[in-house]
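Engineer: Below you'll find the structure I mean.
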Amino acid sequence: MLKKNISNSIKLLKYYKLINFNLIYNNKAINRYKKNNYEISEDKSKKLELLKKEIMSLKNCELKKQAKNIVFCDGNPKSKIMLIGEAPGANEDQEGLPFVGRAGILLDKMLAAIHLDRKKVYISNIINYRPPDNRRPTEEEIKRYLPFIIKHIEIINPKILILLGSTAMNALIGKDVVISKMRGEWIEKKIGNCKTSIIITFHPAFLIRQPAQKKWAWIDLKMVRDKKIELKIN
Ligand code: URA
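Okay, so the sequence shown: first residue is 39 according to my numbering, each after it adds one.
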């Protein structure tokens, strides 16, 4: 009798899944928008489009004049985990996507080590256009782009914010801090109107140059993995 009941319940559940029960019986207005295969709210999608347009209409920016493409984001805009790097390099400029060169390959491996990938996180940079010859962005350039990345964070509203390297750290946490002291601990902070848990770790390009430092990055990654569980992020 019990076996039969369980079997009937399973059949019913499968059937509800098949007919997309939630979609049919949910009273809320269906206001979903498919963008790059991610179903996000129309509001969020519009805000992201608007922000991208604002950046693209920047006047008198030498970086923008020399770059091939804007590098705005990659990944899932619905994700509760956002990563921020420094600025695009040559490969990113070519493809219009962040972290697709050598540093990106290592970043993908770092994410995979904690069972994450680009479909589960959201990635952007402090600066949206490639600095010539991959030089570090200047203070002035960082100042110009900072309001945009703050707005970007507000729109995505991540629960976990991973800052990759000292440029992202100095831009968003403060200039008078050093990465060797700041990495490996959680910082609870409000960026714009987004309250989030921030962790700073080494930039993958730095780790390519200094592989001995990967052990520290691994500790940071494990902290992200644990926080993800604590915050019930899947
Ligand atoms: N380094 C960065 O900081 N960002 C990229 O997108 C690529 C390399």
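Heads up, the beta-carbon is just placed ideally off N, CA and C, and yes, glycines get one too. These numbers come from a predicted model, not from an experiment.
What would DSSP say about isoleucine 191, mapped onto helix, strand or coil?
Structural biologist: As a position in the sequence shown, residue 191 is number 153, starting the count at 1. Correct three-state label for isoleucine 191: helix.
Engineer: Following the continuous beta strand (DSSP E) through leucine 201, name the residue where it begins and the one where it ends.
Structural biologist: Your numbering for residue 201 matches position 163 in the sequence shown. Note, leucine 201: beta strand (DSSP E), 198-202.
Engineer: Given that a residue counts as buried once 16 or more other Cβ atoms are within 10 Å of its Cβ, and exposed if not, what is isoleucine 257?
Structural biologist: Along the sequence shown, one-based indexing puts residue 257 at 219. The residue in question, isoleucine 257, is exposed, as its Cβ has fewer than 16 Cβ neighbours within 10 Å.
Engineer: Where does the unbroken alpha helix (DSSP H) through glycine 134 begin, and where does it stop?
Structural biologist: As a position in the sequence shown, residue 134 is number 96, starting the count at 1. That residue, glycine 134, is in no alpha helix (DSSP H); it is neither H nor E in DSSP.
Engineer: What residues match up with cysteine 232 in a beta bridge as DSSP calls it?
Structural biologist: On the sequence shown, residue 232 is found 194 positions in, with the first residue counted as 1. Partner(s): Ile229.
Engineer: Just to confirm, are isoleucine 119 and isoleucine 238 a CB contact at a threshold of 8 Å?
Structural biologist: In the sequence shown, counting from the first residue as 1, residue 119 sits at position 81. In the sequence shown, counting from the first residue as 1, residue 238 sits at position 200. No, Cβ-Cβ distance for isoleucine 119 and isoleucine 238 is not below 8 Å.
Engineer: I believe isoleucine 161 touches proline 115 by the beta-carbon criterion, under 8 Å. Please report the beta-carbon distance rounded to the nearest angstrom.
Structural biologist: Within the sequence shown, the letter at position 123 stands for residue 161. Within the sequence shown, the letter at position 77 stands for residue 115. That pair is no contact at about 11 Å.
Engineer: For a test of the three-state rule: what should DSSP assign to lysine 113, helix, strand or coil?
Structural biologist: Taking the first residue of the sequence shown as position 1, residue 113 is located at position 75. Residue 113 is actually glycine in this sequence, not lysine. Strand, per DSSP.
Engineer: Taking contact to mean at least 3 C-beta pairs separated by less than 8 Å, is the region 176-195 in contact with the region 85-102?
Structural biologist: Segments in contact, yes.
Engineer: Taking a contact to mean a Cβ-Cβ separation below 8 Å, would you say asparagine 107 touches glycine 134 in this structure?
Structural biologist: Residue mapping note: residue 107 aligns to position 69 of the sequence shown, counting from 1. Residue mapping note: residue 134 aligns to position 96 of the sequence shown, counting from 1. Yes, the Cβ-Cβ distance between asparagine 107 and glycine 134 is below 8 Å.
Engineer: Beta-carbon distances below 7 Å to any heavy atom of the ligand URA define the shell here; list its residues in chain order, please.
Structural biologist: Those residues are Val109, Gly123, Glu124, Ala125, Pro126, Gly127, Glu130, Pro136, Phe137, Gly139, Ala141, Gly142, Asn163, Leu202, Gly203, His241, Ala243, given in chain order.
Engineer: Going by the DSSP bridge assignment, what does methionine 120 pair with across the sheet?
Structural biologist: As a working note, residue 120 is residue 82 in the sequence shown. Methionine 120 pairs with Tyr160, Leu199.
Engineer: Does the Cβ-Cβ distance between lysine 113 and arginine 174 come in under 8 Å?
Structural biologist: Your numbering for residue 113 matches position 75 in the sequence shown. Your numbering for residue 174 matches position 136 in the sequence shown. The amino acid occupying residue 113 in the given sequence is glycine; lysine does not appear at that position. Contact flag unset, no.
Engineer: Name the residue from Asp214, Thr176, Glu179, Val159 whose alpha carbon lies nearest to the alpha carbon of asparagine 195.
Structural biologist: Stepping through the sequence shown from its first residue, residue 195 is reached at position 157. Ranking Asp214, Thr176, Glu179, Val159 by Cα distance to asparagine 195 puts Val159 first.
Engineer: Let me check one thing: in DSSP terms, what residues is isoleucine 257 bridge-paired to?
Structural biologist: Counting from one through the sequence shown, the residue named residue 257 turns up at place 219. Answer is none; isoleucine 257 lacks a bridge partner.
Engineer: What residue from Ile229, Lys266, Ser218 has the CA that sits closest to lysine 252's CA?
Structural biologist: Within the sequence shown, residue 252 is the residue found at index 214, counting from 1. The candidate whose alpha carbon is nearest that of lysine 252 is Ser218.
Engineer: Specify, as a first and last residue, the run of the alpha helix (DSSP H) that tyrosine 247 falls within.
Structural biologist: If you number the sequence shown from 1, residue 247 lands on position 209. In the sequence as presented, tyrosine is not what sits at residue 247; that position holds arginine. Looking at the DSSP string, the run of the alpha helix (DSSP H) that includes arginine 247 is 242-247.
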